[in-house]
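Going down the list, the sequences are from chains A and B. If you're matching positions, the first sequence starts at 1 in full-length UniProt numbering and goes up one per residue. If you're matching positions, the second sequence starts at 1 in full-length UniProt numbering and goes up one per residue. Working notes, structure below.
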Amino acid sequence: MPDQTNDQPNDRTLPAVCPRCEHDALTTVADSPVPGVWQVFQCARCLYMWRSTEPARRTRREAYPAGFRLTAEDIDAAIEVPTVPPLAAR
Amino acid sequence: MPYDDLRSFLDTLEKEGQLLRITDEVLPEPDIAAAANAAGRIGEGAPALWFDRVKGFTDARVAMNVHGSWANHALALGLPKGTSPRQQVEEFARRWDAFPVAPERRADAPWQENSVTGEDVNLFDILPLFRLNDGDGGFYLDKAAVVSRDPEDPDHFGKQNLGTYRMEVIGRDRLAIQPVPVHDIAKHLRIAEERGEDLPVAITLGNDPVIPVVAGMPLAYDQSEYEMAGALRGAPYPIATAPHTGFDVPWGAEVVIEGVIESRVRQIEGPFGEFTGHYSGGRRMPVIRIERVSYRTNPVFESLYLGMPWTECDYLVGPNTSVPLLKQLRAEFPEVRAVNAMYTHGLLVIISTAKRYGGFAKAVGMRAMTTPHGLGYVSQVILVDEDVDPFDLPQVMWAQSAKVNPREDVLILPNLSVVELSPASQPAGVTSKMIIDATTPVAPDVRGNYGTPVKDLPETAEWTERLRTLLANR
C-alpha cells in the first residue's frame, strides 16, 4: 500500500479541522505571492500553522502523526516558560 | 577583511566553492529543510545552500547552512577553509583575549531602504517563511539575533543583550519566543514583567557571519556581544541605531524587526525540533507584538536546519562553547591543553590535560561541571592525557579503551542540574553526571601497567612530512 503520509494534496480550500488538535476555527493567514499556488492556514486554538502544499502528514488530520497531536487538555496543562513573576510592590 | 554583512560573506563562500545554488524550482516544504538536512549528511566540507526559485514566491532568496561545515566556519572567522577544528578553536581562544573591542557606529544602514509600521506589518509579505521539521508547530526564525536592554539599567551598553532564541511565527505581526530562564533576555523580561511593563526588542535577521557566533556564546551578563564580535573579527563591529526602539543593532542586517514582548502574556508555542535531536514543547511562552520592520530591498532570508546531529547548529555552537570552557578551566588549571565541547552544545566534553598529581584529572572534570556553562550542560566529561588530541576521536577512543579501569576511573554523580531540554534528564532539569578519567595515572595513583608506552619513533615526524610531499608531487 502506498505511503499516503507523503501525498501533497494542495487542498487550498480552508480545511474543516486543524490537523493537529481537530479544532474547527481556522483562518487563512497568507496567500502565495504567485496567485493560486498555496495558502497558509492557522488554527485559532493550538496556533498550528501549515501551508496547503505540505505533505499530508502535516496537513491532513487522518495522516497527522499521533505523537504530535494536541488536545484542549494538553494546551490547558502546558507549563509556562518562563513563569510570569509576581508584580513588584510599588 | 572582516565581513560587514551576510551578502559579502555569501560572495566569499561562492568564490571558495562553498556555496551551492539550487537552480531548480523547489517547494517551500519539504524541500528547503530537507536539502539543508542533507547538507549535514554528505560529509566534510558541505556548502551553504542558496534558493531563489521557491514555488509560489516571486522574490524569495533563502540562505541555509551558511555555517554548516568546518570549511564554512573557518571562512566565517576569516581563516583558510582547510583550518582544522582544533586550530579554529585555538585561534578563537587567541582572539578572545582582545575583548573588549569598542564598536563603530555607522549611519545609512542598508536596512533603512524599506520599512512598514503598525497595522501594515505582515511578515509574510517580507519573508519566505517555511517549516523545518514535521512536528514543528509552525514556521520559525531560528537564526535571528534578539537585542534587549536591562529595564533597570537601559543605558549600560554591556548589559544590552544580543542572543539567539527560537521564535515561532504565530501571526502576521506576532511571534512566540523562548527565553530559557538561564539566558540574559529572561532576566530582562522578568524585571519588565515585575513592573508590569512590555519589554522592547529588536530582532535582526540575515547577519554577517560573526553575529550568529557571538549571539550563541555564554558571555557574562554585562559583557557586550558587539565588543566580542569586534575581538573575533579583529576590527570594531559596525552598529546602527534601530529607529523604533533606539537599540544598537548590526549595521549590515538584512531585516530589523522591532516591537515588544507583551508583559505577562503567555501563549502555546512549539513543538520545535531542537539541538538535542529531540522536539521540545508545547509550552506557554511569551509573545512579541511587531510594530515596525525595516529591510533591505530583496532581503535574504537566512535560516538554520537543526535536528539529529550533526547539523549546522553543531558547527555554529561547537567552537563558541569550547572556548569559554577552555578559558575558564585554564584560568585555574594551566595544565589544561584543549577542550572539545562540540557534542550537543557541550552535554559531553573531552578535555586534554597534564596532571599535577594523582587524581588531578578527575578534579578538572568536576570543575568543568561547575563552570557557568557546565551547570546547565556538561553532563559527561572524558579526560585524556596532554598528548591526546581531544578533537581526534580515534585517539580519544584509544585512550579510553586502554587507560580506563572502570571501577576507579568512572565516577557517577547523582542529582545535578542540566537544561530542561536535555532529553535524558529526569525530572526535566535534573540528571546524574559522569566523569571518565582516561588519563595515565600518576603518583601517588600507581594503578595499572603504564611504565613502557610505545612512542612514535623520533624519525616519524620527518617521515610524515616526506610522505605528504611525495603524495602532493605525484
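Glycine included, each C-beta is placed from N, C-alpha and C at the ideal position.
Contacts that A:Thr53 makes with chain B (C-beta to C-beta distance below 9 Å)
Leu27, Pro28, Glu29, Lys55 and Gly56
Proximity test, Cβ basis, 8 Å: A:Cys18 and chain B
no
Cutoff 6 Å; reference B:Gly252; Cβ partners in own chain excluding five residues on either side
Asp4, Asp5 and Asp208
Using a 10 Å radius around the Cβ and a threshold of 16 neighbouring Cβ atoms, would you call B:Thr23 buried or exposed?
exposed
Output yes if chain A places a C-beta closer than 8 Å to the C-beta of B:Gln267; else output no.
yes
Closer than 8 Å is the cut-off here; do at least three beta carbon pairs connect the segment 285-292 of chain B with the segment 259-266 of chain B?
yes
Given this structure, state the Cα-to-Cα distance separating B:Arg106 from B:Asp153, to the nearest angstrom.
24 Å
Taking only three categories from DSSP, how would you classify B:Lys355?
coil
Please return the same chain residues whose Cβ sits closer than 7 Å to the Cβ of B:Gly448, not counting the five positions on each side in sequence.
Asn405 and Pro441
Beta-carbon spacing of B:Gly43, B:Gly282 below 8 Å
no
Distance CB(B:Gly135)-CB(A:Phe68) smaller than 8 Å
yes
Any chain B beta carbon closer than 8 Å to A:Glu22
no
In its own chain, which residues sit with a C-beta less than 7 Å from the C-beta of B:Arg86, not counting the 5 before and 5 after it?
Ala338, Asp389 and Phe391
Coarse secondary structure for B:Ser379, derived from DSSP in three states
coil
Selection from B:Pro28, B:Ala438 and B:Tyr315 that minimises the alpha carbon distance to B:Arg407:
B:Ala438
With a cut-off of 8 Å, does the C-beta of A:Leu87 fall near any C-beta of chain B?
yes
So residue 539 of chain B contacts chain A; which residues on that side make the cut at Cβ distance below 8 Å?
With chain B covering 1 to 474 only, the question about residue 539 of chain B has no answer from this structure.
May I have the straight-line CA-CA distance separating B:Ile239 from B:Glu104, to the nearest angstrom?
6 Å
Contact set between B:Met285 and chain A, taken where Cβ atoms lie within less than 7 Å:
Val81
Extent of the continuous beta strand (DSSP E) to which B:Pro324 belongs
Not the beta strand (DSSP E): B:Pro324 falls in the alpha helix (DSSP H), residues Pro319 to Glu332.
Minimum C-alpha distance to B:Phe301 - residue among B:Ile32, B:Thr83 and B:Gln18:
B:Ile32
Give the single residue among B:Glu91, B:Ala443, B:Ala46 and B:Val381 whose Cα lies nearest to the Cα of B:Gly234.
B:Glu91
So which residues of chain B does A:Ala30 contact, with C-beta pairs closer than 7 Å?
Phe124
Alpha carbon of B:Phe360 to alpha carbon of B:Ala220, nearest angstrom:
28 Å
Just to make sure I have the definition right: I need the residues of chain A whose C-beta is within less than 7 Å of the C-beta of B:Phe139. Which are they?
Met49
Report yes or no: is there a C-beta of chain B within less than 8 Å of the C-beta of A:Phe41?
no
Would the beta-carbon of B:Asn122 fall within 8 Å of that of B:Arg172?
yes
Buried or exposed: where does A:Ala25 fall if 16 or more other Cβ atoms within 10 Å of its Cβ makes it buried?
exposed
Can you give me the C-alpha to C-alpha distance between A:Asp31 and B:Ala144, rounded to a whole angstrom?
25 Å
Starting from B:Pro212, follow the alpha helix (DSSP H) in both directions and report where the run begins and ends.
Ile211 to Ala215
Could you compute how far the alpha carbon of A:Arg51 sits from the alpha carbon of A:Arg58?
9 Å
Using three-state DSSP, classify A:Asp31 as helix, strand or coil.
strand
Reference B:Ile350, options B:Pro394, B:Tyr295 and B:Pro309, closest by Cα:
B:Pro394
Give me the Cα-Cα distance between B:Leu205 and B:Ala176, rounded to the nearest whole angstrom.
16 Å
In chain B, which residues lie less than 7 Å from A:Pro15 when you measure between Cβ atoms?
By Cβ distance, chain B contributes nothing, its closest Cβ being about 16 Å from A:Pro15, past 7 Å.
Give, in chain order, every residue of the segment 110-123 of chain B whose Cβ lies closer than 7 Å to some Cβ of chain A.
none
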